[in-house]
Amino acid sequence: MQGAAAAAERRSRASPDKADESSKKARLDLPDGHMKQEAAGGGDGGAILGVAYIQRVELAVRIDKQVLHCPLCTLPFKPPIFQCKAGHPACSGCVALLPFRQCKACVDGGGFFDPCPTLDTLVSSTRIGCPNVGCQWYVTYHEVTKHQKVCLYAPCRCTEPGCGYVGAPQALAGHLRTVHLVPVRAVQYGKVSKLQLSVSTMRLVLLGDDNCVFLMTVGALGAGVTAVSVVCARARAVTRPRFTCKMWVNLETPLAVVANCGKEDMVLVDMHMRSSSSPGAVVAAGEPTFLTVPPMYQVPAAGDGASMEVPLYIRIDKLSPWSDALV
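Its first residue numbered 1, the sequence shown is counted upward by one per residue in full-length UniProt numbering.
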């Protein structure tokens, strides 16, 4: 009797450890992030101790490009996609134009198109890297064209005479500086920068805090009047982030200050920044908003009394997502 009681006590002391061990065995990790779900006690009616998680696994594959295009209109497939009994696929736009949604490729004429969720999943899961150099985005295949129109790395063209260079905005800034000797200045968003613009200087590259490229163009309007405009070098369809720009020139003639009770006259423009993928082709006077600088606001260039300069003040602001939503 005493021996049986001692054995029972030993089993009761060992049971917690065995219970912990059995609970650990109830959930088994499998390769590729899968988790096996098991029930306590080994039966189907036991309490579930583990939950199955399936980790997303992506593969790089090669696929015939034609598989991703509608054979009728040759445009990229996008859900919903349809398929007839014989396996002929078609996009929703083409199916809507077919009488009774009947497949013309079927010999017997008895094939009718029905939705194909399997093809929807395949097309929605097919992504490719953006073709623009420098862009790291992977985009669903049928949305590539849409992405390229708003991609921050969309190529911009250099329109210097005889130059056919095409590259991302940051690369274009380096090209203009090294090949065409266009001056480059760094500007901080929200802070005022003063630029001494030579009237004979046609272009100036401005680099923002986030390496956004802005191109300033100086042009003549006639009668000694100078026009100054600035655009963001990127695809025209890009709308984020948004920028505002304020440019002004003070009348620095001492007699004008005295005549105006100690206050300086100025010419000023406050505008929303436009985008252009051909910033070099933008003419100052051709912009919808630009700064007009009369001759009296120009000053002699330092060390060269024969040429004139525009003492320009500029402030570029990058709108936050919250304030951008209010515009």
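The beta-carbon is built from N, C-alpha and C at its ideal position, and this holds for glycine as well.
Here the structure is a predicted model, which means the values were calculated and not measured.
Taking the alpha carbon of residue i as the reference point, which residue from the options has its own alpha carbon closest?
| i | options | result |
| --- | --- | --- |
| residue 309 | 123, 124, 227, 62 | 227 |
| residue 121 | 80, 135, 307, 167 | 80 |
| residue 197 | 219, 130, 169 | 219 |
| residue 170 | 273, 291, 209 | 209 |
| residue 156 | 138, 173, 123 | 173 |
| residue 225 | 144, 108, 296, 65 | 296 |
| residue 128 | 178, 60, 291, 251 | 60 |
| residue 274 | 195, 241, 101 | 241 |
| residue 161 | 306, 201, 180 | 180 |
| residue 144 | 270, 276, 76 | 76 |
| residue 269 | 306, 303, 276, 312 | 312 |
| residue 276 | 95, 182, 265, 229 | 229 |
| residue 119 | 307, 306, 87 | 87 |
In the DSSP assignment, what are the bridge partners of residue i?
| i | result |
| --- | --- |
| residue 186 | 207 |
| residue 139 | 128 |
| residue 222 | 225 |
| residue 81 | 91 |
| residue 69 | 76 |
| residue 320 | Answer by DSSP bridge pairing: none, since residue 320 is not bridged. |
| residue 194 | 313 |
| residue 245 | 271, 316 |
| residue 233 | 276 |
| residue 216 | 204, 230 |
| residue 291 | 228 |
| residue 101 | Answer is none; residue 101 lacks a bridge partner. |
| residue 167 | 156 |
| residue 114 | 83 |
| residue 266 | 250 |
Can you tell me the Cα-Cα spacing of residue i and residue j, whole angstroms?
| i | j | result |
| --- | --- | --- |
| residue 288 | residue 133 | 31 angstroms |
| residue 315 | residue 212 | 14 angstroms |
| residue 32 | residue 140 | Note on residue 32: pLDDT 46, under 50, position unreliable in the model; no value is reported. |
| residue 176 | residue 298 | 26 angstroms |
| residue 247 | residue 56 | 51 angstroms |
| residue 151 | residue 199 | 34 angstroms |
| residue 149 | residue 82 | 28 angstroms |
| residue 234 | residue 93 | 32 angstroms |
| residue 184 | residue 249 | 20 angstroms |
| residue 186 | residue 165 | 23 angstroms |
| residue 108 | residue 168 | 53 angstroms |
| residue 278 | residue 159 | 7 angstroms |
| residue 63 | residue 126 | 10 angstroms |
| residue 290 | residue 243 | 15 angstroms |
| residue 328 | residue 153 | No answer is possible for residue 328: the residues shown for the chain start at 1 and end at 327. |
| residue 131 | residue 236 | 18 angstroms |
| residue 301 | residue 251 | 15 angstroms |
| residue 101 | residue 163 | 52 angstroms |
| residue 191 | residue 78 | 46 angstroms |
| residue 98 | residue 105 | 12 angstroms |
| residue 272 | residue 194 | 20 angstroms |
| residue 201 | residue 223 | 17 angstroms |
| residue 58 | residue 182 | 45 angstroms |
| residue 303 | residue 265 | 26 angstroms |
| residue 111 | residue 320 | 54 angstroms |
| residue 331 | residue 217 | A query on residue 331 cannot be resolved here, the shown segment of the chain reaching from 1 to 327 and no further. |
Rounded to the nearest angstrom, how far is the Cβ of residue i from that of residue j, given a contact under 8 angstroms?
| i | j | result |
| --- | --- | --- |
| residue 90 | residue 72 | 6 angstroms |
| residue 215 | residue 231 | 6 angstroms |
| residue 238 | residue 267 | Not quite, the Cβ-Cβ distance comes to about 30 angstroms (not below 8 angstroms), so this is no contact. |
| residue 84 | residue 103 | 4 angstroms |
| residue 123 | residue 142 | 7 angstroms |
| residue 318 | residue 189 | 5 angstroms |
For chain D, find out if any of its Cβ atoms is closer than 7 angstroms to the Cβ of residue i; answer yes or no.
| i | result |
| --- | --- |
| residue 111 | The structure shown contains no chain D; it is built from a single protein chain. |
Practice task
Could you say if the segment 104-123 and the segment 194-209 meet the contact criterion of at least three C-beta pairs nearer than 8 angstroms?
Solution key: No: the two stretches stay apart, fewer than three of their Cβ pairs being nearer than 8 angstroms.
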